[in-house]
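> So that we are looking at the same thing, I have put the structure below in C-alpha cells.
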Amino acid sequence: MNRVTRTMLALLTSSVLALTVAGAGAVDAAAYGRAAQWQIGLSFNCNNPSICGSQLGGFWGWAEFDNDGTADAQLTGCQHVQGGRAGGAQHISVDVPAGGWYIGSNGDFFVTSEVDTITGRTGGPPAVVTVASENMDTGIPAAPGHYSSQTLFGSAAPPGANFEIQVVLIPGR
Numbered sequence: 000m001n002r003v004t005r006t007m008l009a010l011l012t013s014s015v016l017a018l019t020v021a022g023a024g025a026v027d028a029a030a031y032g033r034a035a036q037w038q039i040g041l042s043f044n045c046n047n048p049s050i051c052g053s054q055l056g057g058f059w060g061w062a063e064f065d066n067d068g069t070a071d072a073q074l075t076g077c078q079h080v081q082g083g084r085a086g087g088a089q090h091i092s093v094d095v096p097a098g099g100w101y102i103g104s105n106g107d108f109f110v111t112s113e114v115d116t117i118t119g120r121t122g123g124p125p126a127v128v129t130v131a132s133e134n135m136d137t138g139i140p141a142a143p144g145h146y147s148s149q150t151l152f153g154s155a156a157p158p159g160a161n162f163e164i165q166v167v168l169i170p171g172r
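Numbering that gives the first Met the number 0 puts the sequence shown at residues 0 to 172.
And the structure:
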C-alpha cells in the first residue's frame with residue numbers, strides 16, 4: 000500500500016472512528032505552554048472526483064506534541080458531496096494524555112491514546128470519543144521541515160489534490 004493511500008486511510012479511519020464510537024472522559028492537556036516541543040500544520044485537499052469519489056473536500060489542522068508526552072490537535076474536515084451526518088464541516092479537538100505519543104522507528108509520530116471531541120455536523124451536541132489504546136501512525140514525519148505531496152509520497156499530487164505538512168521542532172525543548 001503506498002504512502003498516499005496509507006495516510007488517507009489513517010485520516011479516514013480516525014474520522015470514521017470519531018463519528019461512530021461514543022465514549023466519555025476528560026484529559027488535561029499541557030498544550031500551548033512551555034512544554035511545546037513540536038508544532039505541526041497540515042492541509043490535505045482533494046477536489047478531483049476521479050481520485051476522491053464522494054470524499055471531496057479537505058482536512059486541515061494544527062497539532063502540538065509536548066516534551067511531557069502530552070499532545071493536542073485542532074482538526075477540521077469538510078466533505079463537499081457526502082450528505083447526512085458526515086456532510087459539511089466537522090471539527091475534532093484531540094487531547095493526548097501523558098505518555099500518549101512517541102516517534103516510531105519509521106520516523107513518524109505515533110499516538111497511543113486520545114480523547115476526541117467532535118463538533119459540527121454530528122446531528123446533536125458535541126460527541127466525546129475516548130480511544131484508550133491504539134498504535135496509530137499519524138503519517139506525519141518527526142523531522143523539522145516542509146513536506147509536500149512530492150516529499151510525502153514520492154510524486155506530485157494529481158490535479159485537484161494537494162498535501163502539505165509543516166513540522167517545527169522548538170529549540171531547547
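We put the beta carbon where it would ideally sit given N, CA and C, even for glycine. Fair warning: this is a prediction, and the values are worked out from it, not measured in the lab.
Alpha carbon to alpha carbon, what distance is there between Asp65 and Gly171?
Looking up residue 171 in the sequence shown gives position 172. Looking up residue 65 in the sequence shown gives position 66. Near 12 angstroms, if we compare the C-alpha coordinates of Asp65 and Gly171.
> Figure out for me which residue from Asp71, Trp59, Ser42, Asn46 has the closest Cα to the Cα of Gly32.
Residue mapping note: residue 32 aligns to position 33 of the sequence shown, counting from 1. Minimum Cα distance to Gly32 is reached at Asp71.
> Tell whether a beta-carbon distance below 7 angstroms holds between His79 and Leu55.
Counted from its first residue, the sequence shown places residue 79 at position 80. Counted from its first residue, the sequence shown places residue 55 at position 56. In contact: His79 and Leu55 (Cβ atoms closer than 7 angstroms).
> For Asp136 and Gln89, what's the separation of their Cα atoms in angstroms?
Within the sequence shown, numbered from 1, the residue matching residue 136 stands at position 137. Within the sequence shown, numbered from 1, the residue matching residue 89 stands at position 90. Each residue's alpha carbon lies about 22 angstroms from the other.
> Using the three-state DSSP reduction, which class does Ser132 fall into: helix, strand or coil?
Position 133 of the sequence shown, counting from 1, holds the residue named residue 132. If DSSP states are grouped into helix, strand and coil, Ser132 belongs with coil.
> Which residues bound the alpha helix (DSSP H) around Ile50?
Taking the first residue of the sequence shown as 1, we reach residue 50 at position 51. That run of the alpha helix (DSSP H) goes 48 to 51.
> Starting from His90, follow its DSSP beta bridges and name the residues at the other end.
As a first step, residue 90 must be located in the sequence shown, where it is residue number 91. Bridge partners of His90: Thr75, Thr118.
> Measure the beta-carbon distance from Gly60 to Cys77 and round it to whole angstroms, keeping in mind my assumption that it falls under 8 angstroms.
Taking the sequence shown and counting its residues from 1, one reaches residue 60 at position 61. Taking the sequence shown and counting its residues from 1, one reaches residue 77 at position 78. The pair is not a contact, with the Cβ atoms about 12 angstroms apart (cut-off 8 angstroms).
> To the nearest angstrom, how far is the alpha carbon of Gly174 from that of Gln165?
The question about residue 174 has no answer, for the chain in this structure spans 0 to 172.
> Please look up how many angstroms separate the CB atoms of Gly106 and Ala131, rounded, as I've assumed it's under 8 angstroms.
Locating residue 106 in the sequence shown gives position 107, counting from the first residue. Locating residue 131 in the sequence shown gives position 132, counting from the first residue. Not quite, the Cβ-Cβ distance comes to about 26 angstroms (not below 8 angstroms), so this is no contact.
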